[in-house]
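Structure first, commentary second.
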């Protein structure tokens with residue numbers, strides 16, 4: 047073949063490679079921690095202490111509210127509302143919250159209502175689950191690691 051016959055074939059090959067070589071990515075960016083928190087109302091599921099459900103431990107169960115009755119709402123303006131039931135009565139709570147330490151911790155006064163530290167670590171945050179960890183000073187038991195589990199509503 048002559049060079050003049052190869053030139054159009056080479057040009058055609060180059061044009062096709064331009065259209066097949068590059069493809070736009072349709073990836074959407076991962077939502078931020080704040081976007082995930084404010085996207086849902088979070089219903090309490092369980093509190094785990096020392097690897098067991100705290101509601102089954104007499105000392106722990108008397109120290110914390112029935113987590114299954116709690117609904118926690120993080121608002122975009124860094125306020126929160128929460129409700130839970132205590133002896134059949136609905137208890138409302140509200141306050142402010144903020145993310146700290148590269149969005150790995152939440153600082154809010156809700157936990158102080160129950161004698162817990164105001165800062166908790168975000169162990170898990172997905173579109174359906176939120177797990178917060180902290181250590182509580184529990185009578186008789188001393189410092190006790192806790193995991194508070196929530197499910198998106």
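In the working numbering, the protein residues as written are 47 to 199. Where a beta carbon is used, it is the ideal one built from N, C-alpha and C, also for glycine.
State the CB to CB distance for the pair residue 168 and residue 89, rounded to an integer number of angstroms; the pair is presumed to be in contact (CB under 8 Å). Contact doesn't hold; Cβ gap of about 17 Å is too wide.
Which residue spans inside the region 116-195 form an unbroken beta strand (DSSP E) run of at least 3? Counting whole runs of 3 or more residues, the region 116-195 contains the beta strand (DSSP E) stretches 117-120, 125-132, 135-146, 151-154, 165-171 and 175-184.
Quick check: the region 110-130 against the region 87-102, are there 3 or more CB pairs under 8 Å? The region 110-130 vs the region 87-102: in contact.
Alpha carbon to alpha carbon, how far is residue 110 from residue 103? Give it in angstroms, no decimals. Each residue's CA atom was taken as its position, placing residue 103 and residue 110 some 11 Å apart.
Please state the DSSP three-state secondary structure of residue 197. Residue 197: strand per DSSP, three-state reduction.
Is it buried or exposed for residue 12, if we count other Cβ within 10 angstroms and need 16 for buried? Shown here, the chain extends from 47 to 199; a query on residue 12 therefore has no answer.
According to DSSP, simplified to helix, strand and coil, what is residue 85? Shown here, residue 85 sits in coil according to DSSP, grouped into three states, outside any helix or strand.
Residue interval of the alpha helix (DSSP H) (run including residue 105): It spans 104-109 - the alpha helix (DSSP H) in which residue 105 sits, taken as one unbroken run.
Nearest to residue 164 (by Cα), restricted to the options 120, 148, 84 and 143: In this structure, 143 is the residue among 120, 148, 84 and 143 with its C-alpha nearest to the C-alpha of residue 164.
Anticipated Cβ contact below 8 Å, residue 121 with residue 84, distance rounded: Contact check for residue 121 and residue 84: beta-carbon distance about 6 Å, within the 8 Å limit, so the pair qualifies.
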